[in-house]
Amino acid sequence: MGLDTKATQFLLAARGLGVSLERVATIGRQRLYVTPAWLRARLRAIGIALDSAATARLFEEADGFAEPLLRMLGARRVLSLDASGYEGASRVADLNARIAPDLESAFTTVFDSGSLEHVFDFPTAIGNCMRMVAADGHLLIVTPANNMVGHGFYQFSPELFYRVLAESNGFVIERMLATELSSSRWYQVADPAVLGTRVQFRTFRPTYLCVIARRVAVRPVLVSPPQQSDYVTQWQNTGRTARGVAGADLHPLDRYLPHWLATVTKSCGHLGQVLLRPFGPKAFKRVDIARLATSDGTTPPSGRTP
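All letters in the sequence shown, in the order written, are residues 1 to 306 by my numbering.
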């Protein structure tokens, strides 16, 4: 749980896009995993000029935790929630269970940077995060999406967040970004339902999804479980029970080539995708994360790549 370079860039971008950090709840107490020199340069880029001593104090005042940085970025209240008190969280709360009523609709921003994947009961945990957001406030999420199996219980897909953080639950996703660790590239991620196809990627490095979702209406969340969009489309368009045809769903290479040759050919294709184009151009569009941090607060339509 913490702010590495990617999560910090994302937080600064969210602020630049108009996310209010006045009242912030962090899921887990967030520690700073960046160097003072790196942070000082990023703050300077958004118009916050600090000398070396002032930057060092951001790390020293709270023993390396993120509350001083959040206050510098505009927070008047910062509350951290964790399942135990070992890191000094403001409040001990297990997100596997429903949160206390006094936390509901209480925060302009709820920020999860690497905690949700560690909570076994994800539907309850994400529902708690959603309930904590005030009307017109935001839920910010930084979470593993690929090549981090074993880090937590789960890795998450774009489809999941687009279906959960939906208008039926009182939310709209304003931005969804994907980025590989050890890469400077960031991508806007399209909504599979808008695109009409699954949004998938194959990456060489560990990959994060970063989500900015706004609460547009305060209503009960997750009353009905989400369904995967491409299946919903098939059910609605078919209107009858689908009948299988032997071999109809086989990959073309499997139909016409010996098994060993089809396997080798597909493996070469997968490797080429990982190395040359892990993010397909139809669903992923390059964005400049530094420019977002200094933007005028505009966002693209939900689910559409700019």
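Note that CB positions come from ideal geometry on N, CA and C, so glycine has one too. Since this is a predicted model, take the numbers as computed values, not measurements.
- By the beta-carbon neighbour count (other beta carbons within 10 angstroms, threshold 16), R29 is buried.
- Counting C-beta atoms within 10 angstroms of its own C-beta, N169 has 16 or more neighbours from the protein chains shown and is therefore classed as buried.
- Measuring C-alpha to C-alpha distances from T26 to each of W38, E60, I48, A75 identifies A75 as the nearest.
- If you draw a straight line from the Cα of D112 to the Cα of P258, it comes to about 48 angstroms.
- Boundaries around D254 are those of the alpha helix (DSSP H), 252-256, since no beta strand (DSSP E) includes it.
- Counting only the Cα atoms, S184 lies some 29 angstroms from A166.
- Non-local C-beta neighbours of D82 in its own chain, meaning closer than 7 angstroms and more than five positions away in sequence, comprise G28, R29, A89, V92, ordered along the chain.
- One Cα belongs to Q155, the other to P206, and the distance between them is close to 11 angstroms.
- Membership of T35 in any beta strand (DSSP E) is not indicated, and neither H nor E is assigned to it by DSSP.
- One thing to note: F161 has its Cβ no nearer than 8 angstroms to the Cβ of M132.
- 8 angstroms or more divides the Cβ of V199 from the Cβ of A145.
- A straight-line Cα-Cα distance of about 12 angstroms links V149 and H118.
- Around the CB of G114, 16 or more other CB atoms lie within 10 Å, so the residue is classed as buried.
- M176 places its beta carbon less than 8 angstroms from that of V189.
- Across the structure, T124 and T265 are spaced so that their CA atoms are roughly 43 angstroms apart.
- Taking R77 as reference, the option from L32, W235, S20 with the minimal CA-CA separation is S20.
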